[in-house]
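Protein chains in written order, with the numbering used here: chain A, 219 to 939; chain B, 219 to 939. C-beta: ideal position from N, C-alpha, C; glycine also. Bear in mind that the values here come from a model prediction, so they are computed numbers and not experimental data.
So this is what it looks like as structure tokens:
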């Protein structure tokens, strides 16, 4: 699928509507940006009051241009836009960048004008960037509509909901000296073109190696997920999502008016589809640079090669905290290292050369070669003074360091594993480090940043291998009886009863303990016959009673017909007090669940991201610690597995405190079945299995609740579009 | 107390033992460092084979020097050291720096030699730095024994267990251009002078404004705590402690042979005594710089002033994540801001000027003035483009920015609150930012780092105000009966029985539920008379049975004499099976504890830090989540309070999930009493109250265990030395 954005984000001709010779105007800045950067296409200044602008022939209107332009940059105020878009359409312009603000981000009148703008654009068949955009550049076409100075063309594409954020990254790149950009767009109000469209474009753009996003709020998060899932197979997608806290969400909302959504959920969903999520703003550029230049890692096992114990220790701490591992080196590797290093060198990972390289820095690339050849090693991390031996020890070492840098570059191209370099001398940029950088090996001046890059390379490698494991998508055939059950509940204006929710689960192969629905008091002997002497639980069934325990609608540990009958009377009495008009269908009787680990599985339809599955342990884990995992539905088996592995409470599932581990395979199967059911039944608005009790050999769904979508028309709109 | 280290770390004369004209020798590097930096004191090269070294008259031995030197730098091998120290003593030298390695860090023979070195030093009355030190500098005395180039004198003192770490910080400072150092010492094996001695010295050193430590392992952690508690009242103490993970601890131990200890505990104890703990290596220098230059903060409330929404959002996220707060601005403040900013400016914190300053950057210092005057504001954080208005908007703005920088500097000196500046242009160092830096206002290029600095300023302010609240130290008078009880248990070769442990607690005013010790089966009617119809618990009392439940030694929910008698027989039977030779003292009978929140309080004597108190919630909080707080004993009320506030599970104590909050004051009182008891009774080796049940109006100590120190001689060594 070729993005229509290519037609105007790499334009051969540009109409600058509102072009100006007044340096305080945006229409001046755009003109000078194009002229100074040597734009090779045709510039059409449009200004009814001028014959020429900055030496370029001007036109009175878009309709009077001698030919169709690819792109219009519209610098005029908000109210002029609908009319101008119609003119752009007449001219055959494919896309317009609208700088003006004063739309939906301001007030209701602005929102109405914004709707008018969108309608005009659709009618004119003109795609629009913005309105309220900070601007656009495409440095490989010399299209620098922001007139930013000192910005290098390169391969990082950026879409940023903050113009200042772009500026910050541009200044950071300028100081780094090796990082350049391809295309930038400020998406503004995303009235037409949105984040997912930009991602598709950057994904296809040959000049972009990494698609990088600063996001305050998605408009259509589900579309972004769907696009990212595809693009991330081919190139890295980096997202910094602001609003990790309530305070940040409030600030973002006053900035762009965007709804932030749940941060933890957003991060989980983005990672699910292969996006590298960066959590600190000062790591955006280093991580994007690293992902663009370095090979992804096949796993998480890092070999650390250090010429000083302090940095080796710090690196080990950060690696472990980041969820990476110190590789366990093979005996062969250690023997080879032993041959070339001093006897006092430490050959357990982290490797400390202990002075071996002081007079002989060339040994560093030899060691890296040995480490990269070890099958237990996914990444090699060089930590220490490399690049500064000539400064620190003896000037004549610089030539050897330079040759060593060549050897590292060659190894990096050959070995198929990322080599990550941290140097104390990164700030000073001595020649050997300059050589590494010029040859596409980044050099980091912070161990912390370098480890974040390795984490990102590992996550990217994991996604790529996940995306290659082709899996028969588990799609259910919708059962007509179930569709009827939803329709019937809907016609009665109610959600599914617990007994119906469980019927739904059973119907699609989820293992729900046997229950009997007792409608009158005479049936208890049948119940006793069915369940024998197992202790039983009794719960009220009523569409009017949502919180059964609060209503006194639950009795536990019952045995024998007499106790059951007495319990039923008590429940009826309590419920009548709780809600005098409650309509009671009957009582659900089931054996008491054995003790096990309480699990919660929930599904909701997020306004931005569509159906989302949540998984966590019950009680304090969900309520106090918010230790839960989210995934967009539908779900692959790998993704379901990663949910279980992600939560901190996994230690409990794995059998901490001397207990047997729970049956993880059964839980994963349950998650997949829930995903399939929600995917097959758009009638479901929310679904909660709370609790599910997990055992070492099975699970039991103790309670199930399904809230249905009361609007039948919505049923056609499934989550996966 | 004046540190004896002044006598030789700021020396007026230096003997360089093993001085050399051979550039590959350490004795050459030290000579050139002193000569190149223009050391003004007297240099005595000592080398029996030379008449002069690098133009300086040499001497055959230390004993042949014409006068006493203050300091000896010993560059000769390990085995020569004891003899040389004796000679140093004869000469009257006060301190020696020993570079040689090959001591305790290597093997047992090395350890023996190290003991010999220490004995020789004591006999000669010479203090020693090292051995195995990376060296020393004192830049204010032009004593640069490491011969580091491009290193500025300044006010950051550094003690680093890694020479490369010092080098990394020096290079970072070189690139920053504004950070300088006072004294550096590599403590090496700390055979004589240790971390606490260096801290005392840096605390007293007039040239040092911040005492900074890179620590892999403390030798005498308790001494460091005691010194830090005093020094941190006067100047900031910054510690980066490596070994935050098992992997890092292993690496550190292979590097310096140091025992890392529990990282979480070490961090808690350091913070208790006012140390600013830095958790990322790339934050050491920025935090030290900020603490040295900026006023500490009286609280945690930050006003954010931004000229762009993106950075305002990021700042809000980081501030909230760091445990700081966005200040709630007063109405007066908002009105004043409203008067000078555009109507579209956002006046809720974070303040977004929304273009007001684009043509008028001087408004930024006006806004800061208004914010700093608000009593609800503890710190002002400027976020955005300041310093770059002249570059971004119009060159003529640079003069106004420069005047604005002057205004900020003046405000900073006047207002008594820290002003923290993050600028997109920090990397470029334009003139207005250069001016801020030159006037002692640091400028950060990372929001993340800037927020870490604010967090540190808040923690430092908190410590200073804590340390000013003078508190009558709750010291117990030791009860002779209790001392006898310990002596008696010790004479029987056992720990305290549960009943004795509880007696100890009761004796010092801890509220322990009434219990009866029943030695034979006839007493149950007395028990029933005592407790009435409350359900009772029975536990076996035996020095031989540590894990009572495992032995079948606990029965719950008993009522009536008959049930009690039956339970006793069952317990006796089970315990006899569990341990046929177990000596049973009797049964402890007590009413069942009401349901409440399970707390664990534990005390142990850490080999590095002495007696340490641990506090946490029972069950998964301690076992799975390791959500506990540590403090060194003895403890102030503020410190006890901060333990309860620190743990993540505090939400449960505060009454999450609809339950009543527990009686926090009672818990704090309990922590203080436990601290006092352990302080008064050096016989206690470990003490565990597990569980304590916390209620909304009280607590109940359900089980208590005291392990005693079997060695009576240790009793005199209390924790607080």
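A straight-line Cα-Cα distance of about 6 Å links residue 521(A) and residue 597(A). None of the residues of the segment 707 to 723 of chain A has a beta carbon lying less than 8 Å from any beta carbon of chain B.
Residue 786(B) holds the alpha-carbon nearest to the alpha-carbon of residue 737(B) among 799(B), 786(B), 456(B).
In the displayed model, residue 601(B) falls within a strand according to three-state DSSP. Among the residues of the segment 574 to 606 of chain A, those with a Cβ less than 8 Å away from any Cβ of chain B are 602, 603, 606, in the order of the chain. Secondary structure at residue 788(A): helix, using DSSP grouped into helix, strand and coil. Cβ-Cβ distances below 7 Å link residue 727(B) to 891 in the same chain, with the five nearest sequence neighbours on each side left out; the list follows chain order. Under a criterion of Cβ atoms nearer than 8 Å, the residues of chain B adjacent to residue 463(A) are, in order, 534, 535, 538, 539. The segment 759 to 778 of chain B and the segment 842 to 859 of chain B do not touch, with fewer than 3 CB-CB distances between them shorter than 8 Å. Sequence-ordered contacts of the segment 373 to 399 of chain A with chain B read 378, 379, 380, 381, 382, 383, 385, 386, 389, 390, 392, 393 [C-beta pairs closer than 8 Å]. Below the 7 Å Cβ cutoff, chain A contributes 531 as neighbours of residue 434(B), in chain order. About 29 Å separates the CB atoms of residue 926(A) and residue 815(A); that is not less than 8 Å, and the two are not in contact. When the Cα atoms are used, residue 505(A) and residue 405(B) turn out to be separated by approximately 36 Å. At a cut-off of 8 Å between C-beta atoms, residue 527(B) counts as an interface residue with respect to chain A. Excluding residues up to 5 positions away in sequence, 616, 620 lie with their Cβ nearer than 7 Å to the Cβ of residue 649(B) in the same chain. Contact check for residue 804(A) against residue 759(A) passes: the beta carbons are separated by less than 8 Å.
Under the Cβ distance rule, residue 499(A) counts among the residues neighbouring chain B, one pair being separated by less than 8 Å. When only Cα atoms are considered, residue 671(B) and residue 761(A) end up about 56 Å apart. At a cut-off of 8 Å between beta-carbon atoms, residue 295(A) makes no contact with chain B. Against residue 460(B), the close residues of chain A are 528, 531, 532, 534, 535, in the order they occur along the chain (beta-carbon pairs closer than 9 Å). One thing to note: residue 567(A) has its Cβ no nearer than 8 Å to the Cβ of residue 600(A). The DSSP-derived three-state label of residue 426(A) is coil. Among the residues facing chain A, residue 402(B) is not included, as its CB has no counterpart in that chain under 8 Å away.
By the Cβ criterion, the segment 454 to 473 of chain A is in contact with the segment 528 to 540 of chain B, since at least three pairs of Cβ atoms, one from each stretch, lie closer than 8 Å. Chain order gives the chain B residues near residue 544(A) as 465, where near means a beta carbon separation below 8 Å.
Taken atom to atom, the span from the alpha-carbon of residue 400(A) to that of residue 232(A) is near 18 Å.
Counting along the chain, residue 672(B) sits inside the alpha helix (DSSP H) bounded by residues 665 to 686.
DSSP links residue 902(B) through a beta bridge to 926(B).
Assignment of residue 586(A) by DSSP, reduced to helix, strand and coil, places it in the helix class. Each of 289(B), 338(B), 443(B) was checked against the Cα of residue 304(B), and the nearest Cα belongs to 338(B). Taking a 10 Å sphere around the C-beta of residue 592(B), we find 16 or more other C-beta atoms and assign the residue as buried.
Here DSSP, grouped into helix, strand and coil, assigns residue 295(B) to coil.
For residue 664(A), the neighbours in chain B by C-beta distance under 8 Å run, in chain order, 499, 500. Going by C-alpha positions, residue 716(A) is about 10 Å away from residue 907(A).
For residue 858(A) against residue 889(A), the beta-carbon gap comes to about 4 Å, under 8 Å, which counts as contact. For residue 758(A), the enclosing beta strand (DSSP E) covers residues 754 to 760.
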